[in-house]
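So the structure is just underneath, and the comments pick up after that.
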Amino acid sequence: ARAAYAAARPRSAAQHERAREVLPGGNTRSVLIYGPFPTAMTRGQDCRLWDLDGHAYLDLCGEYTAGLFGHSEPRIHRVLHATLEEGINLAAVGQGEERLARLLCGRFPSLAQVRFTNSGTEANLMALAAARAFTGRGTTMVMRGGYHGGVLTFPASGTNAATLPLPFVHAAYNDSDEAARLARAHAGDLAAVVVEPMLGSGGCIPAQPGFLAALRALADETGAVLIFDEVMTSRMSGGGMQARLGITPDMTTLGKYVGGGMSFGAFGGRADIMAQFDTTLPHAGTFNNNVLTMAAGGVAMGEIFTPEAAEALFQRGEALRARLNEIGRQAGVPLGFTGLGSMMTAHFRQPLPDRPYAASPAEEALRELFFFDMLAAGIYLARRGMVALSLPVGEPEMDRFVAAVGEFAESRAALLR
Ligand code: PMP
Numbered sequence: 020a021r022a023a024y025a026a027a028r029p030r031s032a033a034q035h036e037r038a039r040e041v042l043p044g045g046n047t048r049s050v051l052i053y054g055p056f057p058t059a060m061t062r063g064q065d066c067r068l069w070d071l072d073g074h075a076y077l078d079l080c081g082e083y084t085a086g087l088f089g090h091s092e093p094r095i096h097r098v099l100h101a102t103l104e105e106g107i108n109l110a111a112v113g114q115g116e117e118r119l120a121r122l123l124c125g126r127f128p129s130l131a132q133v134r135f136t137n138s139g140t141e142a143n144l145m146a147l148a149a150a151r152a153f154t155g156r157g158t159t160m161v162m163r164g165g166y167h168g169g170v171l172t173f174p175a176s177g178t179n180a181a182t183l184p185l186p187f188v189h190a191a192y193n194d195s196d197e198a199a200r201l202a203r204a205h206a207g208d209l210a211a212v213v214v215e216p217m218l219g220s221g222g223c224i225p226a227q228p229g230f231l232a233a234l235r236a237l238a239d240e241t242g243a244v245l246i247f248d249e250v251m252t253s254r255m256s257g258g259g260m261q262a263r264l265g266i267t268p269d270m271t272t273l274g275k276y277v278g279g280g281m282s283f284g285a286f287g288g289r290a291d292i293m294a295q296f297d298t299t300l301p302h303a304g305t306f307n308n309n310v311l312t313m314a315a316g317g318v319a320m321g322e323i324f325t326p327e328a329a330e331a332l333f334q335r336g337e338a339l340r341a342r343l344n345e346i347g348r349q350a351g352v353p354l355g356f357t358g359l360g361s362m363m364t365a366h367f368r369q370p371l372p373d374r375p376y377a378a379s380p381a382e383e384a385l386r387e388l389f390f391f392d393m394l395a396a397g398i399y400l401a402r403r404g405m406v407a408l409s410l411p412v413g414e415p416e417m418d419r420f421v422a423a424v425g426e427f428a429e430s431r432a433a434l435l436r
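Numbering (UniProt numbering), first residue to last: 20 to 436.
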């Protein structure tokens with residue numbers, strides 16, 4: 020599969036070889052560094068992509084959840100063109116900033132106030148800074164398998180040399196007892212507990228509601244700031260996973276699609292915590308109120324991804340995941356999808372994981388095979404087997420994916436068993 024992939028993409032291969040001279044790994048996103056070389060795309064329209072070698076794909080990667088609106092949403096294009104006409108980089112307060120802030124504070128239960136950044140990574144860094152300043156404490160509890168940005172990556176097993184040298188205590192995801200033990204052991208210095216309501220890049224593994232409720236109670240008990248990283252999960256309802264579950268954190272971080280496809284991040288929360296930015300805490304950033312992001316985000320959240328649209332997308336994803344999981348069951352092979360709503364990840368084990376795990380070499384080989392087989396079928400996913408539906412993905416596209424997964428389960432049955 021790997022050889023066939025390479026043979027069909029000489030231009031992507033050449034592009035990769037050239038780029039490696041000036042870009043370690045050949046490009047500037049770790050997630051796109053995989054062997055033998057990543058596919059280079061040239062164009063996107065609605066939920067379709069075309070690569071440098073002329074192949075067309077159904078885009079189910081959805082730019083790792085940032086591509087919620089597809090590649091050519093007309094209302095977003097219109098507002099971006101109109102905004103460009105008025106000039107970019109105005110070095111001043113604009114109008115889009117307040118509009119987007121009001122939209123978000125009106126929707127996410129935890130957001131009394133919000134501030135904008137250029138990425139989810141920055142949003143999490145600023146939320147941590149806010150929590151540490153607010154509590155006057157230093158330690159942050161994170162989850163093994165959690166991802167909050169390049170310098171805030173916490174592998175399921177082992178440590179990560181590139182993580183910021185802040186005092187972190189690492190807890191096991193979905194293990195309330197361990198979280199309680201660690202929180203109490205560090206209670207005097209616990210500034211924050213940061214958690215994704217569903218592990219996103221960690222394999223679309225949802226938090227058990229009891230786990231998040233336990234973290235809420237532990238934060239109350241210890242005085243730590245509970246931060247939900249909803250950079251990926253905010254799409255699960257009009258008000259994110261927090262609204263779906265009825266569990267309100269003290270702070271929330273956002274990113275990805277909320278800026279209508281432009282570079283985006285945001286952090287916000289309780290008024291008393293956010294008030295620090297009115298007085299003592301600095302949060303400068305040349306592009307914090309980038310007019311293109313603010314304009315696109317306002318239209319995206321105000322007119323397109325309404326709470327009703329969010330609910331409909333969630334239900335479409337649930338129905339798709341149920342169909343996909345039927346395939347593995349019917350074929351009697353360990354192929355299944357975890358996730359929630361419009362986000363899901365393929366796993367090659369049964370029962371499906373409810374916690375992060377170290378995949379075996381055999382599982383890794385199947386994951387790679389699945390990725391290349393899907394590409395051969397004209398379907399573009401994240402290399403790790405993650406799907407993030409975008410709004411233009413309709414029933415015919417989902418049927419096509421179900422058929423391709425069915426074909427994979429059949430043609431690769433011997434390897435899967
Ligand atoms: N938090 C989560 C949960 C994420 O999935 C990501 C990005 N994959 C980030 C934070 C970082 O966002 P960004 O890539 O915009 O820095």
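Every residue, glycine too, gets a C-beta built ideally from N, C-alpha and C.
Cβ neighbours of residue i in the same chain (closer than 8 Å, five flanking residues each side left out)
i	result
Ala131	Cys124, Gly287, Gly288, Arg289, Ala290, Met293
Tyr24	Pro55, Phe391, Leu394, Ala395
Gln369	Gly347, Pro353, Gly355
Ser282	Asn137, Ser138, Phe306, Asn309, Thr312
Ala199	Ala233, Leu237
6 Å CB neighbourhood of residue i in its chain, flanking five on each side removed
i	result
Glu197	Ala190, Ala191
Leu339	Met417
Leu51	Pro57
Gly321	Leu122
Met405	Thr364
Arg386	Gly404
Gly425	Ile346
Arg62	Trp69
Gly44	Ile52
Bridge partner(s) assigned by DSSP for residue i
i	result
Phe356	Ala365
Met270	Ile246, Gly288
Ala75	Trp69
Thr136	Gly284
Gly81	Partner(s): none; Gly81 has no beta bridge.
Gly63	Leu68
Contact under 8 Å by Cβ, residue i with residue j
i	j	result
Leu359	Ile346	no
Met251	Thr84	yes
Ala350	Ala433	no
Arg126	Gly336	no
Pro216	Glu249	yes
Ala285	Leu99	no
Val161	Val213	yes
Gly157	Pro184	no
Arg403	Thr364	yes
Ala210	Thr178	no
Thr267	Ser430	no
Tyr399	Leu77	yes
Asn143	Gly113	no
Thr140	Leu109	no
Arg94	Ile323	yes
Gly115	Gly280	no
Thr299	Val244	no
Ile246	Ala146	yes
Ile224	Thr357	yes
Thr271	Gln261	yes
Ala226	Asn193	yes
Thr182	Ala206	no
Pro375	Gly222	yes
residue 465	Ser361	Nothing about residue 465 can be read from this structure; the chain reaches only from 20 to 436.
Gly165	Leu79	no
Gly81	Ala407	yes
Arg118	Gly317	yes
residue 9	Val421	In this structure the chain extends from 20 to 436, so residue 9 is not present and cannot be described.
Ala75	Gly397	yes
Ala377	Ser220	no
Spatial neighbours of residue i in its chain, beta-carbon cut-off 7 Å, leaving aside the 5 residues before and after
i	result
Ser195	Gly229, Phe230, Ala233
Pro411	Asp65, Cys66, Gly89
Gln34	Ala59, Leu71
Phe296	Arg134, His302
residue 441	Past the edges of the chain, shown from 20 to 436, lies residue 441, and the structure says nothing about it.
Arg436	Val352
Arg419	Leu77
beta-carbon residue i near the ligand ADP non-hydrogen atom, thresh 7 Å
i	result
Gln334	As presented, the structure is devoid of the ligand ADP, carrying the ligand PMP as its sole ligands.
Test: residue i CB closer than 8 Å to a CB of chain C
i	result
Ser282	Reference to chain C is not applicable here, since this structure consists of a single protein chain.
Q | Minimum length 4: unbroken alpha helix (DSSP H) runs contained in the segment 295-338 | A | 295-298, 310-318
Q: Kindly provide the chain-ordered list of residues whose Cβ lies closer than 6 Å to any non-hydrogen atom of the ligand PMP.
A: Tyr83, Ser138, Gly139, Thr140, Asn143, Tyr166, His167, Gly168, Glu215, Gly219, Ser220, Asp248, Val250, Met251, Gly274, Gly284
(Q) Runs of 3 residues minimum, wholly inside the segment 390-426: which ones carry the beta strand (DSSP E) assignment? (A) 405-407
Q: Return the chain-ordered ranges of every beta strand (DSSP E) run that is complete within the segment 147-225 and spans a minimum of 3 residues.
A: 158-163, 187-191, 209-214
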